[in-house]
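Participant: Residue numbers (the working numbering): 57 to 361.
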Amino acid sequence: MEVTSVVNVVVIGAGAVGQLLASFLAEAQMHVTVVVRRQEQADELNLKHLKRINLDGSETIRQIVPTVNLKLLPQPDLIIIAVKYGQLPDIYQQLTDIPKEVPLLFVQNGLAHFDEALQLPQHTIAFSSVSFGAQSLNGTTVQHRGVGPMKIGIARGDHCVFNKLQLLGNILFPVELVDDAERILFEKAVLNCLINPLTAILQLKNGDLLTNKQAHLLMHTIYQELSEAFNIEKSIPFSAVIALCEKTAGNTSSMLADRLQGRKSEVESIVGVVLRKALANGYPLPTLRTLYHQVLALEESGERC
Numbered sequence: 057m058e059v060t061s062v063v064n065v066v067v068i069g070a071g072a073v074g075q076l077l078a079s080f081l082a083e084a085q086m087h088v089t090v091v092v093r094r095q096e097q098a099d100e101l102n103l104k105h106l107k108r109i110n111l112d113g114s115e116t117i118r119q120i121v122p123t124v125n126l127k128l129l130p131q132p133d134l135i136i137i138a139v140k141y142g143q144l145p146d147i148y149q150q151l152t153d154i155p156k157e158v159p160l161l162f163v164q165n166g167l168a169h170f171d172e173a174l175q176l177p178q179h180t181i182a183f184s185s186v187s188f189g190a191q192s193l194n195g196t197t198v199q200h201r202g203v204g205p206m207k208i209g210i211a212r213g214d215h216c217v218f219n220k221l222q223l224l225g226n227i228l229f230p231v232e233l234v235d236d237a238e239r240i241l242f243e244k245a246v247l248n249c250l251i252n253p254l255t256a257i258l259q260l261k262n263g264d265l266l267t268n269k270q271a272h273l274l275m276h277t278i279y280q281e282l283s284e285a286f287n288i289e290k291s292i293p294f295s296a297v298i299a300l301c302e303k304t305a306g307n308t309s310s311m312l313a314d315r316l317q318g319r320k321s322e323v324e325s326i327v328g329v330v331l332r333k334a335l336a337n338g339y340p341l342p343t344l345r346t347l348y349h350q351v352l353a354l355e356e357s358g359e360r361c
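(1) Considering only the alpha carbon of each residue, which of P122, M86 and G189 lies closest to L103?
(2) List the DSSP bridge partners of T363.
(3) Suppose you measure from the CA of M57 to the CA of L221; what does that come to, to the nearest Å?
(4) For N248, which of helix, strand or coil comes out of DSSP?
(5) Considering only residues of the region 215-262, which uninterrupted beta strand (DSSP E) runs meet the minimum length of 3 residues and lie entirely inside it, listed in chain order?
(6) Of all the beta strand (DSSP E) runs that stay within the bounds of the region 143-228, which reach a length of 3 or more residues?
(7) Considering L265, what are the terminal residues of the beta strand (DSSP E) in which it resides?
(8) As a quick exercise: from E115, V88 and G328, pick the residue whose alpha carbon is nearest that of A245.
(9) For L134, list the residues DSSP reports as bridge partners.
(10) Across the region 128-146 and the region 71-87, are there enough close Cβ pairs to call them in contact, namely three or more that are closer than 8 Å?
(11) Roughly how many angstroms lie between the CA atoms of L111 and A336, to the nearest whole one?
(12) Roughly how many angstroms lie between the CA atoms of E115 and L106, to the nearest whole one?
(13) Along the chain, where does the beta strand (DSSP E) containing K333 start, and where does it finish?
This is the structure:
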């Protein structure tokens, strides 16, 4: 279904998530501008356009408008911020100059950005948790590696533009609106805590957490710790964790991808925030805390593959 009333969407960030979002939105006949960091990537996108490799191996090529300067753009109908947490401080500064009427949608892992983003002056601010699989192959190509919902929670403001996103009607890109923005971020952070540190340290694909007996035992132990701290059994049963690992069996977690590329991971904004929340309630989460410090130690030593 085409939703043409959302004429102008800006996506900040051209990593895997930003590329996939831009591709599907452009496919829905929206005018999509992607803000990239490097002029070289902007030039390449102008030349080759944005390619999506679909689940069946087919290719979809869409024309988007790349730019390196958010401030020079005309006022959009929606800005989607799809950069990693570490890049947000600079983005916050740029967003303060954007008209207050422009809705913002933040698409980051973890919880650290929730209170920070709400300090911005915009009237409408929403947050998203995505469970689709995406892998950036290069500056102009993204591979769609798994279907999963894009859940959007509006923290404040108008639902109108997000209602239109929900009506896209693409079964490969389902969009759901939920009532509690902070809750969806927390639940995604819990799932990330169960999968990402283990895969990063052990250098395993997501599905290996089910077939490697010791890794599976560690994941279950972490789940028990989180259950005691946050009573997640109903909202996130362990069967849902298993199902997620099965669904994304061939995927490389973002934390492992960061380690393989020698980048600083989001362990602090994901695992660190969950650990602090649990400790405030008297739960130290010893197994998860050990993995957290192991990831930090690997980053400090600069170890990569």
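All C-beta atoms in this analysis are idealised placements derived from N, C-alpha and C, irrespective of residue type, glycine included. These numbers come from a predicted model, not from an experiment.
Facilitator: Looking at the coordinates:
(1) P122
(2) Lying before the first or after the last residue shown, residue 363 is absent from the chain, which here runs from 57 to 361.
(3) Low confidence applies to M57: its pLDDT is 44, below 50, so where it sits in the model is not reliable, and the reading given next is rough at best. Going by the C-alpha atoms only, they are around 10 Å apart.
(4) helix
(5) 231-234
(6) 160-162, 181-186, 189-194, 197-202 and 206-212
(7) L265 -> not in any beta strand (DSSP E); alpha helix (DSSP H) instead, spanning D264 to T267.
(8) G328
(9) V65
(10) yes
(11) 43 Å
(12) 10 Å
(13) That residue, K333, is in no beta strand (DSSP E); its alpha helix (DSSP H) goes V329 to A336.
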